[in-house]
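**Q** Protein chains in written order, with our numbering: chain A, 15 to 235; chain B, 65 to 267. One structure, as C-alpha cells, below. Some questions next.
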C-alpha cells in the first residue's frame, strides 16, 4: 500500500467502483440464491453487513496475536460464532423470512466476501479502517442484491417488496409473470447483464481481452 | 449398489452445486479462466469433499447428534447446534493441510490458486455438502459417495466452463462483456443445460 487511501474512499469505493459482487467476484453464492424476492435480499444484506462489520472489528483487534499458520481457523471460528448469533436473532424476531432464507444464513459463514475481506484487509489494518472497509463492502453487496432482487421479483411476480406493481393476468391485469425469472439460470443472466451495464458506464473496469486477434488485413496492407 | 451409483449421478449432475444451487460460485467463476487451474480446483474439490463429508458424518453421529452421549449417561444432551462450528473446523483443518502439501510438493499449482485456496475453507459447496448430509440423514457409505459425487460434479462443471471460456478467448466481445460478464451468461446457459439432467436420474 503506497499511498494510504482516505477513510472516505475506503467507505465509498466498494459501493460501485470496487463493488464486491460485480468486480471482486466475492460473495456470489448467496447473491444469486436469495434474490428471488426483495424482502429476502434485504434481510440477507443486513445480516451479512452485520457479520462483516463485527468480524472485521474483532479480527482486526487481534490481528497481531494470530499466528499465521492457524489464522484461517481462528477467523472462521469468529465468523461462525457471529453467524450463529445472527441466525438465532433472525429466528426470534423475523421467523418467516428466516424460514425462507433456510440454509443461506448459515452459509454466511462460508460467504467468500467475509473471509476475503478479513484475509485481504482487516488482517493488515487497525479496527477503525477495517470496519469502514467492511461497512462499505457490505453496502456494496446490499446494493447489488437489491438491484437483482428488484428485477427478479418485479418481472417474476409483478410485485415489489410485496406490493403489486404490475397487475398480473391472474388478477385481471395485463402482465404475464415471467417464471424463468424465479429459476436459477435467470440469476446468472441478470448478474451478467448487470456487470455488462456497469462496465459500459465505467469503462476502466472492463477487462482487456486475454488474446488479441491476429493482425487485421488493413494492418498488413 | 445401484442406489449408490444413482446417488453419485444425482449429486454430480442433477444437484450440481454451482449450476443449480449457486454454491461455490466464487471459486467456480474465478478459477475457470484456463482449463489447468480449473482441473486442479476440481481435483481439490473431490479430495476435500470426499474427506470432509464422511468425516463430518462420523463427528456428527459420534459426538453431536441427540443421544450421542447416551453411553456416558447424558441421553438428553443435544449438541447439534454446534455442528456449524464443528464442520467448519474440520473443513478448515483439511484445507490448511492441503495447502501445506501443495505448497511443499506442487508449488506451481499452489501459486496459480493464489488467494482462492484459503477460500476453499469458505467454499459454500463444501460446507453445504456436510449440511445436506445431516439434513438428508445419509449413512456413512452414502455420505462418502455423496461427497465424491458433488465434488466430481463441481469439477466437471468447472472444467467445462473453462473449456468454453478458452474457446471464446478469441471472440470479439463487446468490451464491457469481457471476462466476468460473459462468464455469467455462459454459466446461465450451462445451468439451463444441466436442468435437463433432472430427468436422467429417478428421484
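Glycine is no exception: its CB is placed at the ideal position from the N, C-alpha and C atoms.
Would you please verify whether the beta carbon of residue 191 of chain B is less than 9 Å from any beta carbon of chain A?
**A** Yes, contact with chain A.
**Q** Using a Cβ cut-off of 8 Å, pull out every chain B residue sitting near residue 199 of chain A, in sequence order please.
**A** Correct list: 252, 253, 255, 256 and 259.
**Q** Going by alpha carbons, who is nearest to residue 199 of chain A out of B:85, B:71 and B:67?
**A** Out of B:85, B:71 and B:67, B:85 has the C-alpha closest to the C-alpha of residue 199 of chain A.
**Q** Report yes if the C-beta distance between residue 214 of chain B and residue 98 of chain B is below 9 Å; otherwise report no.
**A** No, the Cβ-Cβ distance between residue 214 of chain B and residue 98 of chain B is not below 9 Å.
**Q** Using the C-alpha atoms, what's the distance from residue 252 of chain B back to residue 234 of chain A?
**A** Only weak support is given to the placement of residue 234 of chain A: the predicted model assigns it a pLDDT of 44, under 50, and the value that follows is read from those uncertain coordinates. Near 39 Å, if we compare the C-alpha coordinates of residue 252 of chain B and residue 234 of chain A.
**Q** Which word fits residue 160 of chain B, buried or exposed, when buried means at least 16 other C-beta atoms lie within 10 angstroms of its C-beta?
**A** Buried.
**Q** Looking at chain A, is there any beta carbon in it that lies within less than 9 Å of the beta carbon of residue 145 of chain B?
**A** Taking Cβ atoms only, chain A reaches closer than 9 Å to residue 145 of chain B, which makes this a yes.
**Q** Closer than 7 Å, Cβ to any Cβ of chain B: which residues of the segment 44 to 66 of chain A, in chain order?
**A** Within the segment 44 to 66 of chain A, the qualifying residues are 46 and 47.
**Q** Tell me the DSSP secondary structure of residue 133 of chain B in three-state form.
**A** Residue state, collapsed to three classes: coil.
**Q** Just reading off the alpha helix (DSSP H) that residue 140 of chain B is part of, what are its end residues?
**A** Per DSSP, residue 140 of chain B belongs to no alpha helix (DSSP H) and is neither H nor E.
**Q** State buried or exposed for residue 101 of chain A, treating a residue as buried only when at least 16 other CB atoms are found within 10 Å of its CB.
**A** So residue 101 of chain A ends up on the buried side.
**Q** Please report the Cβ distance between residue 201 of chain B and residue 116 of chain B, rounded to the nearest whole angstrom; I am assuming they are in contact, meaning their Cβ atoms lie under 8 Å.
**A** Actually they do not touch by this definition, with Cβ atoms about 17 Å apart.
**Q** Do residue 150 of chain A and residue 25 of chain A count as a contact pair if the criterion is CB distance below 9 Å?
**A** A contact, by the Cβ cut-off of 9 Å.
**Q** With the cut-off set at 9 Å, would you say residue 249 of chain B and residue 203 of chain A are in Cβ contact?
**A** Their beta carbons are under 9 Å apart, which means residue 249 of chain B touches residue 203 of chain A by this criterion.
**Q** So for residue 75 of chain B, helix, strand or coil by DSSP?
**A** Looking at residue 75 of chain B - three-state DSSP - the assignment turns out to be helix.
**Q** Please report how far the alpha carbon of residue 96 of chain B lies from the alpha carbon of residue 187 of chain A, in whole angstroms.
**A** Distance between the alpha carbons of residue 96 of chain B and residue 187 of chain A: 44 Å.
**Q** Take residue 212 of chain B as the anchor and find which of B:224, B:171, B:233 and B:197 has the nearest alpha-carbon.
**A** Here the closest residue by C-alpha is B:197.
**Q** In the DSSP assignment, find the unbroken alpha helix (DSSP H) run with residue 260 of chain B in it and report its ends.
**A** Looking at the DSSP string, residue 260 of chain B is not in any alpha helix (DSSP H), and its letter there is neither H nor E.
**Q** Under a CB-based cut-off of 9 Å, is residue 202 of chain A close to chain B?
**A** For residue 202 of chain A, the answer is yes, since a Cβ of chain B falls inside 9 Å of its Cβ.
**Q** Could you give the C-beta distance for residue 137 of chain A and residue 73 of chain A, rounded to a whole number, given that I count them as a contact under 8 Å?
**A** Right, the Cβ-Cβ distance comes to about 7 Å (below 8 Å), so this counts as a contact.
**Q** Is any beta-carbon of chain B found at less than 9 Å from that of residue 177 of chain A?
**A** Not closer than 9 Å to any Cβ of chain B, the Cβ of residue 177 of chain A fails to qualify, so no.
**Q** Spell out whether any CB of chain A is found under 9 Å from the CB atom of residue 238 of chain B.
**A** With 9 Å as the cut-off, residue 238 of chain B counts as an interface residue toward chain A.
**Q** Mapping DSSP to helix, strand and coil, what is residue 178 of chain A?
**A** Residue 178 of chain A falls in the strand class under three-state DSSP.
**Q** Starting from the N-terminal side, write out each stretch of the alpha helix (DSSP H) that is 4 residues or longer and does not extend beyond the segment 73 to 133 of chain B.
**A** Whole alpha helix (DSSP H) segments, 4+ residues: 81 to 84, 89 to 94 and 99 to 123.
**Q** Under the assumption that residue 69 of chain A contacts residue 58 of chain A (Cβ atoms under 8 Å), give the Cβ distance between them as a whole number of angstroms.
**A** Incorrect: roughly 16 Å between the Cβ atoms, too far for contact.
**Q** Under the three-state reduction of DSSP, which class applies to residue 216 of chain B: helix, strand or coil?
**A** It is helical.
**Q** Assign residue 170 of chain B to one of three DSSP states: helix, strand, or coil.
**A** Here residue 170 of chain B sits in coil by DSSP.
**Q** Out of A:33, A:20 and A:22, point me to the one whose CA is closest to residue 159 of chain A's CA.
**A** Measuring from the Cα of residue 159 of chain A, the nearest candidate turns out to be A:33.
**Q** Return the CA-CA distance between residue 154 of chain A and residue 148 of chain A, expressed in angstroms with no decimal places.
**A** For residue 154 of chain A and residue 148 of chain A, the distance between alpha carbons rounds to 10 Å.
**Q** Thinking residue 123 of chain A and residue 148 of chain B are a contact (beta carbons under 8 Å), I'd like their distance in whole angstroms, please.
**A** Confirmed, Cβ separation roughly 6 Å.
**Q** Name the chain A residues whose beta carbon is nearer than 8 Å to that of residue 148 of chain B?
**A** Chain A residues near residue 148 of chain B: 94, 97, 98, 120 and 123.
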